[in-house]
Amino acid sequence: MVCPLRKRMGFDPRNLALSACAGLVVMLVLSWIWHVLVMDDYFRSEFGGVMRADYDYLFIVLGYVVLALLMAYIYPLGYQSGPPEREGLRFGVLIGLLWVLPASLVGLGGLNLSLNGIMVDAVWHLLEQGAGGVAIASAYQRLGEQDAG
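Per the numbering used here, the very first residue in the sequence shown carries number 4; after that it's consecutive.
This is the structure we're talking about:
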């Protein structure tokens, strides 16, 4: 019996969940390294007026779960052909651009944000979501090979 979601969505929800998990782990680890270990002082100096004293990790993780699920849902819909590293990187960079830069620029209009900080963060997210896209694409490829084999 075929899962109703698989029939309606055109792909296996199990693969979606596992691919999302792969992207989630990569993006969360990279985000923590960059934002907490490497750049915390910089971002606090650039965005000090709007940052919390302590990060609320529940909402950070929740946001990344939503992002990873959306990326894993969208990726197969636009996949054409090519190696997962190239396709995933291209996809992830686009998602990073769509996700961070417009919202940050809008925020610049109403919040005490720094244009320099926004640009540094936007460039970072091209890399972070690029890596997440590679993880998602690679997971889909491996899972597809398992399903076929």
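Note that the Cβ used here is the ideal one computed from N, Cα and C, for glycine as well.
{"Check": "Terminal residues of the continuous alpha helix (DSSP H) containing M42?", "Outcome": "No alpha helix (DSSP H) contains M42, which DSSP labels as neither H nor E."}
{"Check": "So is I36 buried or exposed if we call it buried at 16+ other beta carbons inside 10 Å?", "Outcome": "exposed"}
{"Check": "Kindly list the residues whose CB is nearer than 6 Å to the CB of A71, restricted to its own chain and excluding five residues on each side of it in sequence; keep chain order.", "Outcome": "A23, G26 and L27"}
{"Check": "Rounded to whole angstroms, how far is the Cβ of L111 from the Cβ of I121, which I believe are closer than 8 Å?", "Outcome": "6 Å"}
{"Check": "Once DSSP output is grouped into helix, strand and coil, what is the label at V29?", "Outcome": "helix"}
{"Check": "Whole angstroms is fine: what's the gap from S141's alpha carbon to P87's?", "Outcome": "5 Å"}
{"Check": "Please state whether DSSP places V64 in a helix, a strand or coil.", "Outcome": "helix"}
{"Check": "For Q132, count neighbouring C-beta atoms within 10 Å of its own C-beta (all shown protein chains included) and say buried if the count is 16 or more, exposed if not.", "Outcome": "buried"}
{"Check": "Answer yes or no: do I139 and A75 have a C-beta to C-beta separation smaller than 8 Å?", "Outcome": "yes"}
{"Check": "Would you kindly check if the distance between the Cβ of L33 and the Cβ of A134 is under 8 Å?", "Outcome": "yes"}
{"Check": "Taking the alpha-carbon positions, what's the Y78 to L100 distance?", "Outcome": "15 Å"}
{"Check": "For Q132, does the three-state DSSP call read helix, strand or coil?", "Outcome": "helix"}
{"Check": "Quick one: is G95 buried, meaning 16 or more other Cβ sit within 10 Å of its Cβ, or exposed?", "Outcome": "buried"}
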